[in-house]
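J.:
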Amino acid sequence: MSAQLIDGKAIAATIRGEIKTEVEQMKTQYGRVPGLAAVLVGERKDSQTYVRMKKKACAEVGITSFGYNLPADISQEELLKVVRDLNANPDVHGILVQLPLPDHLDDEEILGAISLEKDVDGFHPLNIGRLSMKRRDPLFVPCTPKGCIELLDRSGVSIEGKRAVVLGRSNIVGLPVAMLLLHRNATLTICHSRTQDLPGVVREADILIAAVGRAEMVKGDWVKPGAVVIDVGVNAVDDPTAKKGYKLVGDVDFNEVKEVAAMITPVPGGVGPMTIAMLMRNTLDGAKHGPGMK
Ligand code: NAP
Ligand code: LUD
-12 MSAQLIDGKA IAATIRGEIK TEVEQMKTQY GRVPGLAAVL VGERKDSQTY VRMKKKACAE
48 VGITSFGYNL PADISQEELL KVVRDLNANP DVHGILVQLP LPDHLDDEEI LGAISLEKDV
108 DGFHPLNIGR LSMKRRDPLF VPCTPKGCIE LLDRSGVSIE GKRAVVLGRS NIVGLPVAML
168 LLHRNATLTI CHSRTQDLPG VVREADILIA AVGRAEMVKG DWVKPGAVVI DVGVNAVDDP
228 TAKKGYKLVG DVDFNEVKEV AAMITPVPGG VGPMTIAMLM RNTLDGAKHG PGMK
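Following this line, the structure appears as C-alpha cells:
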C-alpha cells in the first residue's frame, strides 16, 4: 500500500477526549451539563445502530443523552409535538432526529420545527441557507461534512487552491461538504448521476470526497496519483464469511485506490466515527450558547 491511511477512528477518539475535557470544565465553571435528545422513529437496523453509537459517545464525553424511540406509524402532529417539547426543554441543548424518517412523514417540516439554537445536525433550512452564503455563518455545520474537513485539517492537507471533486449532491453530505470546500477556497466540481465521463472528472481531483452510496464504485484508474481520498460511503455487501453475513465497504474500491492515492480513509473507521464526534462537538457548542453563559 502506498497511500497513508487517514485513521478516522483514532482522530475521532482524540476529539472525544478534547470534548470530554471541555464538558468537565463547563460543569465546574457553570454547573451546566450539555444534553442531546436522540429521536429515533421506527425500527431500521442501521438507524438503531447509529443512534446507539451516538448515545454511547455521549456517555463517554459526559453529555447527557435523552432517547426517544417512537413507533414507525407515529403521526406528523405527534412527532412535531415531541420536537416542540424538546425545543422548550432547558436540559436539552441539541436535538437529533435520525434520518431517514418513514415515508408518510414530512421530514422538511420536522427538521424546520427544530429550534435553530438546538439544530446540532445543521439540517434546519436556515442553517443550510447560511452555509451556502458567503459570510453568513450557520449556527451549526452538518456533522458528516464537518467531519470530512476536520479529517483533512488534522491530516495536514491544505485545501486552498486545490481541485476538489465531490461525488454526490445530497442535502446531508454532498451539497454541504461542497459548500465547506468552497469556503476554504478549493476549486470545486460537484458530480451526480447525470455527470458525463465521471471517471474523467474524478481524475482531476487533488481532493476527492465520495458520497454516492454505491459500493466500491471509484476504481484505481479514476484517481489522480497523489490525490487525497475521503470515502463517506457506508454500504453493506453480502459476505458469507462474516459473522453477520455482510461487511461494510465504502464508495471507493479501497484495495485499488490505496495504490494510487497519497492518503485515503478506510470504511469502516474513516468518516463514520467523525460524524459522531462532530455531533458531540456541536452539542457542546449548543450548550455554550444558552442563557447563563459568559
Ligand atoms: P443519497 O442521498 O442517496 O445521495 C447520493 C448522491 O449520489 C446523489 O446526489 C446521486 O445523484 C449520486 N449518485 C448516485 N448514484 C450515482 C452514480 N452511479 N454516479 C454518480 N452519482 C451518483 O446518499 P447520501 O445520504 O448522500 O449518502 C451517500 C453515502 O454516504 C451512503 O453510502 C451513506 O450510507 C453514506 N453516509 C455516510 C455517513 C457517515 O457518517 N459515514 C453519513 C451520511 C451518509 P443524483 O442527485 O443525481 O440522484
Ligand atoms: N440522520 C445521520 N442518518 C444517516 N459508521 C449518521 C452515520 C455513523 N439526522 C441524521 O449518523 O448524522 C446524521 N443525522 N447519519 N450516519 C449516516 C447518516 C442521519 C453513518 C455511519 C456511522 C453515523 C459510523 O460510525 C461506522 C464506520 O464507518 O466506521 C461503522 C458502523 C457499523 O455499522 O459498524
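All residue numbers for the sequence shown refer to our numbering, where the first residue is -12 and numbers rise by one.
Built from N, CA and C at the ideal position, the CB exists for glycine as well.
None of these values were measured; they are calculated from a predicted model.
How long is the line joining the alpha carbons of L168 and V70, rounded to whole angstroms?
T.: Rounded to the nearest angstrom, the two C-alpha atoms are 31 Å apart.
J.: Checking the sheet assignment: what are the DSSP bridge partners for V28?
T.: V28 is bridged to L57.
J.: Report all residues from its chain with a CB closer than 6 Å to the CB of E191; omit the five preceding and five following residues, and keep chain order.
T.: Result list for E191: R150, in chain order.
J.: What separation, rounded to the nearest whole angstrom, lies between the Cα atoms of D218 and S52?
T.: Each residue's Cα considered, the two are about 29 Å apart.
J.: Using 8 Å as the Cβ pair cut-off and three pairs as the minimum, do the region 58 to 78 and the region 1 to 16 touch?
T.: Verdict: no, contact absent.
J.: Can you give the Cα-Cα distance for A21 and E243, rounded to whole angstroms?
T.: The displayed chain sequence assigns Pro, not Ala, to residue 21. Between P21 and E243, the C-alpha separation is close to 43 Å.
J.: Would you say the beta carbon of A192 comes nearer than 6 Å to a heavy atom of ligand 1?
T.: Answer for A192: no, Cβ out of range of ligand 1.
J.: Under DSSP, the alpha helix (DSSP H) around T270 begins and ends at which residues?
T.: Taken as a continuous stretch (DSSP letters only), the alpha helix (DSSP H) holding T270 covers 258 to 276.
J.: Pull up the CB-CB distance for D94 and L86, whole angstroms please, since I reckon it's below 8 Å.
T.: With 8 Å as the limit, D94 and L86 qualify as a contact, their Cβ atoms being about 6 Å apart.
J.: Select from L(-8), L138, R19 the residue whose C-alpha is nearest the C-alpha of H80.
T.: Ranking the options by Cα distance to H80, first place goes to R19.
J.: Taking the straight line between their C-alpha atoms, what separation do you get for K133 and E30?
T.: Between K133 and E30, the C-alpha separation is close to 27 Å.
J.: Output the residue ranges of the beta strand (DSSP E) runs that lie fully inside the region 214 to 255 and measure 3 residues or longer, sorted by chain position.
T.: For the region 214 to 255, whole beta strand (DSSP E) runs of length 3 or above, ordered along the chain, are 215 to 218, 222 to 225, 233 to 236.
J.: I need the DSSP call for V210, collapsed to helix, strand or coil.
T.: Residue state, collapsed to three classes: coil.
J.: Would you mind sorting A75 into buried or exposed? The rule is 16 or more other CB atoms within 10 Å of its CB.
T.: The residue is exposed, with fewer than 16 neighbouring Cβ atoms inside 10 Å.
J.: Would you kindly check if the distance between the Cβ of P163 and the Cβ of L118 is under 7 Å?
T.: Yes, the Cβ-Cβ distance between L118 and P163 is below 7 Å.
J.: How far does the alpha helix (DSSP H) with T174 in it reach, from first residue to last?
T.: It is not in any alpha helix (DSSP H) - T174 instead sits in the beta strand (DSSP E) that spans 174 to 178.
J.: Considering A100, what are the terminal residues of the alpha helix (DSSP H) in which it resides?
T.: Here the alpha helix (DSSP H) through A100 covers 94 to 100.
J.: Please list the terminal residues of the continuous alpha helix (DSSP H) segment that includes A75.
T.: Taken as a continuous stretch (DSSP letters only), the alpha helix (DSSP H) holding A75 covers 63 to 75.
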